[in-house]
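**Q** For any residue, its number in this note's numbering is found by taking its place in the sequence shown, counting from 1, and adding 65.
First, the structure itself, so that you have it in front of you.
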Amino acid sequence: MESISITPTIINPKRVFKKTTGEEWYNYYAGFSDDFVSEILNSFELPKDSVILDPWNGGGTTTLNCALAGYNVIGIDLNPVMNIVAKSKFCNTDDVLMALDIVKYLRVNNYPNKLNDESDFLLNWFDYNTASYIRYISFSLQNKCNTILNSKVFSLIFLALFKLVRKYIGKFIPSNPTWVKKAKNSNDKISIESTKIKIDLKNILREKLSATFVDNVSSIGKERFYCASSTKLPLKEHSVDAVITSPPYCTRIDYGIATSPELAVLLGNHPAEIDNIRRTLTGRTTIDKSFLEIESLGLTAKKMLLEIFNHQSHASVSYYYKNFAQYFIDINESLKQIKKVLKRNGYFACVVQDSHYKEIYCDLALIFTEMAEENGLSLIHRQDFMSKFVMANINSKVKKYRDKITANETVLIFQAN
Numbered sequence: 066m067e068s069i070s071i072t073p074t075i076i077n078p079k080r081v082f083k084k085t086t087g088e089e090w091y092n093y094y095a096g097f098s099d100d101f102v103s104e105i106l107n108s109f110e111l112p113k114d115s116v117i118l119d120p121w122n123g124g125g126t127t128t129l130n131c132a133l134a135g136y137n138v139i140g141i142d143l144n145p146v147m148n149i150v151a152k153s154k155f156c157n158t159d160d161v162l163m164a165l166d167i168v169k170y171l172r173v174n175n176y177p178n179k180l181n182d183e184s185d186f187l188l189n190w191f192d193y194n195t196a197s198y199i200r201y202i203s204f205s206l207q208n209k210c211n212t213i214l215n216s217k218v219f220s221l222i223f224l225a226l227f228k229l230v231r232k233y234i235g236k237f238i239p240s241n242p243t244w245v246k247k248a249k250n251s252n253d254k255i256s257i258e259s260t261k262i263k264i265d266l267k268n269i270l271r272e273k274l275s276a277t278f279v280d281n282v283s284s285i286g287k288e289r290f291y292c293a294s295s296t297k298l299p300l301k302e303h304s305v306d307a308v309i310t311s312p313p314y315c316t317r318i319d320y321g322i323a324t325s326p327e328l329a330v331l332l333g334n335h336p337a338e339i340d341n342i343r344r345t346l347t348g349r350t351t352i353d354k355s356f357l358e359i360e361s362l363g364l365t366a367k368k369m370l371l372e373i374f375n376h377q378s379h380a381s382v383s384y385y386y387k388n389f390a391q392y393f394i395d396i397n398e399s400l401k402q403i404k405k406v407l408k409r410n411g412y413f414a415c416v417v418q419d420s421h422y423k424e425i426y427c428d429l430a431l432i433f434t435e436m437a438e439e440n441g442l443s444l445i446h447r448q449d450f451m452s453k454f455v456m457a458n459i460n461s462k463v464k465k466y467r468d469k470i471t472a473n474e475t476v477l478i479f480q481a482n
């Protein structure tokens, strides 16, 4: 690919739901819009045999829209739930009908009890019988398909089960979609008959018959998905033509907890696996015990870390300094990986959002730019958009440190040297 001076068309990346393809496939609050991806992609003017990567693929907006445009796509996410959601979007009508046929043969009586013990994650919200039936469905599906991520049909059934469980536990999900409460006692737990669960599961699948994305597309690109970390991309060097992504913002959101209902369905009988996912995701709220090397992070990141370290508020040194440091270290390592897999002069577009720690400003766009350019990625375009909806507004204590609670979402476009 030759070095090309482009003037990209960039629209506000904020996701706005449009009912153009039937019922919304899956309500994942994070991410950017379909139109944003399409406009960025068109600006790159890449040949159709190009490979597009999203190393923080989330719900799969990049992979779906780029594949619908005819490009080959790779989606990578460390959270297995999000990979299943992204894979399921490639189902056509025949896949939905096949999924319905599989669900038809699920038992509603005399099904084997697959709850390991009282530690099963589903018991956080459901009574024993309800949790036992949902676990039976999950176990049955995984037993029939060893690698869910390789099957559009089984990914779709799991997506339907994710949606159903999230619907059932709606009373435990407050206004902040990244928080999920647990039942305080047995009387607060949800009880649903197995027959109703099976009926509801089939109804969600039937809704997808009018909501598939790929049926009317003449040619769709090939898709590949990996459950892997952005800090260790399982790809060959110089194998990707462009990256379109949005990393987790520096806002201390626990994405493991945010998807805990779905993780409960998938892995809830192995709570240690869920905990391990929480402790390895970019932007995690847990603290690593490893040594934190910050010398290569860029001037702005190091300056912010020093301000946090010297802040007088409680736990600034013991927790928040380490939390921000490990986030910046992960981002820096991810940028190294992105540069490694990009072809020469390949494009890297990302959406980031600024934030604050107390009154200390986190200029994430500048931090990203400094790190990216240090790793051989040259900034060729930047565009800022003000966002009034930020998670900080939900926390009333924030106003102790600042009155204006808005944020800038910034689109950064780099080119590999």
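All C-beta atoms, glycine included, are put in the ideal place defined by N, C-alpha and C.
Values in this document were obtained by computation on a predicted structure and should not be read as measured data.
#1: Taking 8 Å as the threshold (C-beta atoms), are residue 144 and residue 320 in contact?
#2: Do the region 246-253 and the region 208-223 touch if we need at least three Cβ pairs shorter than 8 Å?
#3: Flag this pair as touching only if the region 136-154 and the region 314-330 have three or more C-beta atom pairs under 8 Å; answer yes or no.
#4: Would you list the one or two residues that DSSP bridges to residue 413?
#5: Please report the distance separating the alpha-carbon of residue 371 from that of residue 398.
#6: How is residue 449 classed by DSSP in three states: helix, strand or coil?
#7: Taking only runs that begin and end inside the region 219-293, name each unbroken beta strand (DSSP E) of 3 or more residues, in chain order.
#8: In or out: residue 571 buried (at least 16 other Cβ within 10 Å) or exposed?
#9: What are the start and end residues of the alpha helix (DSSP H) that includes residue 321?
#10: What's the gap between the Cα of residue 337 and the Cα of residue 109?
#11: Pick out the complete alpha helix (DSSP H) segments inside the region 93-133, 4 residues or longer, and give them in chain order.
#12: My output table needs one value for residue 388: the three-state DSSP class, helix, strand or coil.
#13: Counting Cβ pairs, one atom from each stretch, are 3 or more of them under 8 Å apart for the region 299-310 and the region 118-129?
#14: Using 10 angstroms around the beta-carbon of residue 203, count the other beta-carbons present and answer buried if the total reaches 16, otherwise exposed.
#15: Which full runs of the beta strand (DSSP E) of 3+ residues lie inside the region 150-226, going along the chain?
#16: Quick one: what does DSSP say residue 458 is sitting in, helix, strand or coil?
#17: Tell me the DSSP secondary structure of residue 442 in three-state form.
#18: So the candidates are 445, 352, 403, 407; which of them puts its Cα closest to the Cα of residue 380?
#19: Measuring only the C-alpha atoms, how far is residue 471 from residue 212?
#20: On the criterion of 16 or more Cβ atoms from any shown chain inside 10 Å, does residue 87 qualify as buried, or is it exposed?
#21: Work out the CA separation of residue 174 and residue 484 for me, nearest whole Å.
#22: Do you know offhand how far residue 476's Cα is from residue 449's?
#23: With residue 126 and residue 97 assumed to form a contact (beta carbons below 8 Å), what rounded beta-carbon distance in angstroms separates them?
#24: Return the Cβ separation of residue 279 and residue 411 in integer angstroms, given the expectation that the two are a contact with Cβ distance under 8 Å.
#25: Report the three-state DSSP secondary structure of residue 381 (helix, strand or coil).
#26: From residue 221 to residue 384, what does the alpha carbon distance come to, in whole angstroms?
#27: Please list, in chain order, all residues of the same chain as residue 75 whose beta carbon is under 6 Å from its beta carbon, the five residues on each side excluded.
#28: By the 10 Å Cβ neighbour count, where 16 or more other Cβ atoms means buried, how is residue 197 classified, buried or exposed?
#29: Between the C-alpha atoms of residue 73 and residue 105, what's the straight-line distance to the nearest angstrom?
**A** Well, looking at it:
#1: yes
#2: no
#3: yes
#4: 308, 479
#5: 20 Å
#6: strand
#7: 288-291
#8: It is not possible to answer for residue 571, since the shown part of the chain is limited to 66 through 482.
#9: 320-323
#10: 43 Å
#11: 99-109, 126-133
#12: helix
#13: yes
#14: buried
#15: none
#16: Because the pLDDT at residue 458 is just 47, under 50, the model does not fix this residue reliably, and the value given afterwards should be weighed accordingly. Helix.
#17: strand
#18: 352
#19: 42 Å
#20: For residue 87, the predicted structure reports a pLDDT of 37, less than 50, and the residue's modelled location is therefore unreliable. A value from the coordinates is still provided. It counts as exposed.
#21: The chain is shown only over 66 to 482; residue 484 falls outside these bounds and no answer can be derived.
#22: 6 Å
#23: 6 Å
#24: That pair is no contact at about 26 Å.
#25: helix
#26: 39 Å
#27: 448, 476
#28: buried
#29: 6 Å
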